[in-house]
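In terms of my numbering, the sequence shown is residues 126 to 470. C-beta atoms are modelled at their ideal positions from N, C-alpha and C, and glycine is treated no differently.
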Amino acid sequence: MKTTYRAMQVTRPGLLELVERPVPKPGVGEVLIEVDACGICGADTGDIDGADPTLQPPRVPGHEVVGRIAMLGEHTPSIWKVGQRVGVGRLGGPCGECAQCRQGHFELCQNQPFVGATCDGGYAEMMLARASGLVSIPEELNAEEAAPILCAGIATFNALKKCGAQAGDTVVILGIGGLGHMALQYARRMGFLVVAVGRGADIAQDAQKLGAHVYIDTHEEDAAAKLQGMGGAKAIITTIGQTDTVSALMGGLAPQGRLVLLASGKDPLPVLAGHLVVGERSILGSITGSPYENEKTLDFSVLTGVRPMIEVMPLEKANEAYQRMRSGDVKFRMVLTMGRLPEAA
Ligand SMILES: [Zn+2]
Ligand SMILES: [Zn+2]
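1) By DSSP, does Glu468 sit in helix, in strand, or in coil?
2) DSSP three-state label for Leu384, please.
3) I need the residues with a C-beta less than 6 Å from some heavy atom of ligand 1; please give them in chain order.
4) Cys226 lies in the alpha helix (DSSP H); which residues open and close that run?
5) Three or more C-beta pairs under 8 Å: does that hold for the region 167 to 174 against the region 144 to 152?
6) Determine the direct distance from the alpha carbon of Gly164 to that of Pro273, and round the result to whole angstroms.
7) Quick check on the burial criterion: 16 or more other C-beta atoms within 10 angstroms. Buried or exposed for Arg137?
8) Indicate whether at least one CB of chain B lies closer than 8 Å to the CB of Met450.
9) Return yes when at least one heavy atom of ligand 2 lies under 7 Å from the C-beta of Pro219, else no.
10) Where does Tyr340 fall in DSSP's three states?
11) What's the call for Ser257, buried or exposed, on a 16-neighbour Cβ count within 10 Å?
12) For the pair the region 298 to 318 and the region 419 to 431, tell me if three or more CB-CB distances fall below 8 Å.
13) With respect to the beta strand (DSSP E) encompassing Pro416, which residues constitute its N-terminal and C-terminal limits?
14) Can you tell me whether Val153 is buried or exposed, with buried defined as 16 or more other CB within 10 angstroms of its CB?
15) Kindly give me the distance between the Cβ atoms of Tyr130 and Leu440, rounded to whole angstroms, as I take these residues to be in contact under 8 Å.
16) Write down every uninterrupted run of the beta strand (DSSP E) in the region 294 to 368 whose length is 3 residues or greater and which is fully enclosed by it, in chain order.
17) Using 10 angstroms around the beta-carbon of Pro156, count the other beta-carbons present and answer buried if the total reaches 16, otherwise exposed.
18) Rounded to whole angstroms, what's the CA-CA distance from Val297 to Ala280? Just pull it up for me.
19) Would you tell me roughly how many angstroms separate the C-alpha atoms of Thr343 and Lys206, rounded to the nearest one?
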């Protein structure tokens with residue numbers, strides 16, 4: 126095995142630098158992963174632009190990681206073998222001991238690393254990961270298409286499962302980007318009447334191709350009024366952080382409708398209390414999910430033919446790929462590849 130590997134680290138906030146690092150040995154309960162692909166998520170903005178400039182060595186971002194196990198540390202479960210294809214999402218592996226873990230709420234573990242933020246992530250040829258955070262990758266998916274499912278996929282898949290809507294109900298997807306384009310596909314296949322809400326006419330065709338029955342352009346129409354005209358939405362899944370836009374759409378929720386928030390912005394969300402109380406409406410935050418739930422997301426994607434739409438760039442072009450993601454000029458997910466020969470899918 127190699128003794129060094131290439132990584133793109135955040136040398137100063139906003140800037141990724143290609144470095145060569147010594148290959149680490151996995152500690153107790155950890156594995157070493159040889160990375161094949163890593164998606165670029167909107168949340169990487171916080172990890173790259175908001176990086177701690179004093180951190181040494183600087184952080185390697187990336188939390189949509191797919192690769193193979195290169196080495197097992199001590200006390201790793203026997204389900205994991207060297208050579209096995211695995212992935213890691215944003216949540217780096219529950220501790221199994223805290224109050225949330227003991228209640229089975231592994232996604233809320235209080236001692237869990239955020240991959241790419243509080244531990245190194247997958248913009249690299251190698252990465253260490255907690256075995257408790259590993260996700261098995263089905264052979265039907267290649268690394269590049271599996272990677273975005275591990276964050277953009279599970280975030281939206283789980284939000285739809287928690288949104289309270291049943292087959293035939295109207296569900297709104299607000300924002301058609303990395304997360305939204307997965308949400309539209311899942312929502313369609315779950316049997317909802319799918320409404321996409323976006324800005325501008327240019328995205329309408331894509332939204333419909335991805336599964337939307339109806340597209341509402343907020344530049345042209347009052348989306349909340351249009352939804353009320355359709356009888357109201359049972360759920361609105363928001364993938365964007367602009368709280369004024371989210372707030373304006375809430376008027377489109379049917380009684381007992383749920384607004385599910387996926388973007389963790391810092392701005393307060395204005396809400397009309399009476400609108401919630403009188404119609405028994407509610408607001409729910411939803412984090413990605415556990416490794417087991419990630420495997421269910423992958424399984425559902427295979428079963429129903431959901432795939433992310435991706436653009437692939439090599440690891441060393443991570444700065445360019447990141448800027449493309451930031452500018453919104455990508456349909457719909459950038460994925461970094463580590464430059465090995467493509468695997469047979
Ligand atoms: Zn993410
Ligand atoms: Zn825990």
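Taking the structure as given:
1) Translated into positions along the sequence shown, residue 468 becomes position 343. Note on Glu468: pLDDT 46, under 50, position unreliable in the model; the coordinate value appears next. Coil at Glu468, not helix or strand.
2) By one-based count along the sequence shown, residue 384 stands at place 259. DSSP places Leu384 in strand when its eight states are reduced to three.
3) Cys166, Ala168, His188, Arg215 and Cys276
4) What you label residue 226 is simply residue 101 of the sequence shown in a count that begins at 1. Unbroken alpha helix (DSSP H) run through Cys226: Ala224 to Arg227.
5) no
6) Residue 273 sits at position 148 when you count from the first residue of the sequence shown. Residue 164 sits at position 39 when you count from the first residue of the sequence shown. Going from the Cα of Pro273 to the Cα of Gly164 covers about 5 Å.
7) In the sequence shown, residue 137 corresponds to position 12, counting from 1. Exposed, because fewer than 16 other Cβ atoms sit within 10 Å of the Cβ of Arg137.
8) The structure shown contains no chain B, having only a single protein chain.
9) Taking the first residue of the sequence shown as position 1, residue 219 is located at position 94. Pro219 Cβ: within cutoff of ligand 2.
10) For the purposes of this step, residue 340 is identified with residue 215 of the sequence shown, where counting begins at 1. Tyr340: strand per DSSP, three-state reduction.
11) Position 132 of the sequence shown, counting from 1, holds the residue named residue 257. With 16 or more Cβ atoms within 10 Å of its Cβ, Ser257 is classed as buried.
12) yes
13) Numbered from 1 along the sequence shown, position 291 holds the residue referred to as residue 416. Per DSSP, Pro416 belongs to no beta strand (DSSP E); it is in the alpha helix (DSSP H), Pro416 to Thr429.
14) Here residue 153 refers to the residue found at position 28 of the sequence shown. Counting Cβ neighbours within 10 Å, Val153 comes out exposed, since fewer than 16 surround it.
15) For the purposes of this step, residue 130 is taken as the residue at position 5 of the sequence shown. For the purposes of this step, residue 440 is taken as the residue at position 315 of the sequence shown. At roughly 10 Å, the Cβ-Cβ gap does not stay under 8 Å, so Tyr130 and Leu440 are not in contact.
16) 295 to 299, 318 to 323, 339 to 342 and 358 to 363
17) The count along the sequence shown starts at 1 and reaches residue 156 at position 31. Going by the sequence as given, residue 156 is Val instead of Pro. By the neighbour-count rule (16 or more Cβ atoms within 10 Å), Val156 is buried.
18) Along the sequence shown, read from residue 1 onward, the residue named residue 297 stands at position 172. Along the sequence shown, read from residue 1 onward, the residue named residue 280 stands at position 155. Approximately 15 Å, taken between the alpha carbons.
19) Numbered from 1 along the sequence shown, position 218 holds the residue referred to as residue 343. Numbered from 1 along the sequence shown, position 81 holds the residue referred to as residue 206. Approximately 50 Å, taken between the alpha carbons.
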